[in-house]
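Remarks on the structure that follows.
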Amino acid sequence: MVVRLARTFLSASAVFRCWPQNAVGSIWTVLLLKTVFLLTPQVASGLPLSMLYPFNRTAGDSDTEKSDDGGSGKVSLTQPFPFFGRRHDKLYVNNNGLISFVSELRTYRPSDFPLRDPTPVIAPFWADVDIDKVGGRVWYRETNDSQVLTRAVDDVTKLGAGLWTFRPTTAFVATWDHVGFYGAANEGKEKRNTFQVVLVHDWNMSFAIFIYHEIEWTTGSNSHGTPESGLGGNPAQTPALLAISWACAEKAGIALHVLWDFIRT
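Under the UniProt record's numbering, think of the first position of the sequence shown as 1, with each following residue one higher.
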């Protein structure tokens, strides 16, 4: 039962919605699958690699610095991304499985939500990634490619009625490509995760699309994971969309809702 739940979740693209500035903010998210990962030592396979949005050098991507706990540095956006009452004209792609606004976030040990740090983040899979010694790449780009935008519209409108007018003009694609975990040893060095987040907006609504290809580990050794398996300890936080702490969210009138309407192939 648990294995099937993990596979069902990871075989889906999840879309998360943020409302624009000056509106009563809300986001759509799904429950953290922390328990599922703790209880599931098997490999969880999701969408075929070909079903991810195009990525790597052939798609025009840049890659992050190849270092432990590194990232892209500041990435300036041609069109600001609306996120919880602010339009962000820059972001940071962090190797450890998340995008942050305002400043980079090099923290390698995932924290339980809500975070004490008020830095707004979008975290498809926050964990202790090591592309320096273990391997993998982290790619990113902002694009106005018509095929990418058309697919984003299709993914978003599958959510249901009321979204048919969504017309994004840019997309930001970040991909963690076969990344390993910190402290991997022996067979643990062969464990790899591949996942992606796509940010799109049309000035009225903004969305984060999470896509998972394969998840083979959850925890680096500094978070007490087993070096040979990458499991146990303090596992990855995924998926999570966070702008501010719960206390601040309540004051701002921001509500979080659960959405189980996954996009399936």
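Yeah, the Cβ is synthetic: ideal placement off N, Cα and C, and Gly gets one too.
All values reported here derive from a predicted model rather than from experimental measurement.
Opposing strand residues paired with residue i [DSSP bridges]
i                 : result
isoleucine 131    : Beta-bridge pairing links isoleucine 131 to no other residue.
threonine 170     : His201
tyrosine 92       : Lys74, Ser100
threonine 175     : Trp139, Gln196
residue 278       : Residue 278 lies beyond the range of the chain shown here (1 to 265); nothing can be said about it.
tryptophan 217    : DSSP, once it has assigned bridges, lists no residue as partnering tryptophan 217.
phenylalanine 181 : Val129
serine 62         : Tyr140
tyrosine 53       : Paired residue(s): none; tyrosine 53 is not in a bridge.
Spatial distance of residue i from residue j (CA atoms)
i                 : j                 : result
tryptophan 203    : proline 82        : 7 Å
glycine 71        : threonine 150     : 28 Å
asparagine 56     : serine 62         : 7 Å
asparagine 67     : leucine 98        : In the sequence as displayed, the identity of residue 67 is serine instead of asparagine. Approximately 15 Å between the Cα atoms of the pair.
glutamate 65      : tryptophan 176    : 13 Å
asparagine 193    : tryptophan 164    : 33 Å
threonine 119     : histidine 88      : 12 Å
alanine 123       : serine 76         : 19 Å
aspartate 130     : serine 206        : 30 Å
lysine 158        : alanine 152       : 10 Å
threonine 107     : threonine 170     : 29 Å
glycine 220       : valine 198        : 25 Å
asparagine 186    : glutamate 228     : 6 Å
phenylalanine 101 : phenylalanine 172 : 13 Å
valine 156        : methionine 51     : 15 Å
asparagine 222    : arginine 167      : 43 Å
asparagine 96     : aspartate 132     : 12 Å
leucine 91        : threonine 143     : 15 Å
aspartate 145     : alanine 184       : 37 Å
glutamate 216     : arginine 86       : 35 Å
glycine 60        : glycine 188       : 31 Å
aspartate 69      : aspartate 154     : 34 Å
alanine 127       : glutamine 147     : 31 Å
asparagine 94     : alanine 174       : 10 Å
lysine 74         : glutamate 104     : 8 Å
glycine 230       : proline 48        : 22 Å
phenylalanine 210 : phenylalanine 84  : 18 Å
phenylalanine 125 : alanine 208       : 13 Å
residue 266       : arginine 141      : The chain is shown only over 1 to 265; residue 266 falls outside these bounds and no answer can be derived.
proline 80        : valine 200        : 10 Å
glutamine 196     : valine 121        : 15 Å
threonine 218     : tyrosine 212      : 13 Å
leucine 33        : glutamate 214     : At leucine 33, the pLDDT of 25 sits below 50, so the modelled position is not reliable; the number obtained from the coordinates is stated separately. One C-alpha to the other measures close to 15 Å.
Alpha helix (DSSP H) segment containing residue i, residue limits
i           : result
alanine 152 : 146-157
Cβ of residue i within 9 Å of any chain E Cβ
i           : result
alanine 171 : Of the chains in the structure shown, none is chain E; there is only one protein chain.
Any 3 or more C-beta pairs closer than 8 Å across the segment 128-141 and the segment 176-185: yes
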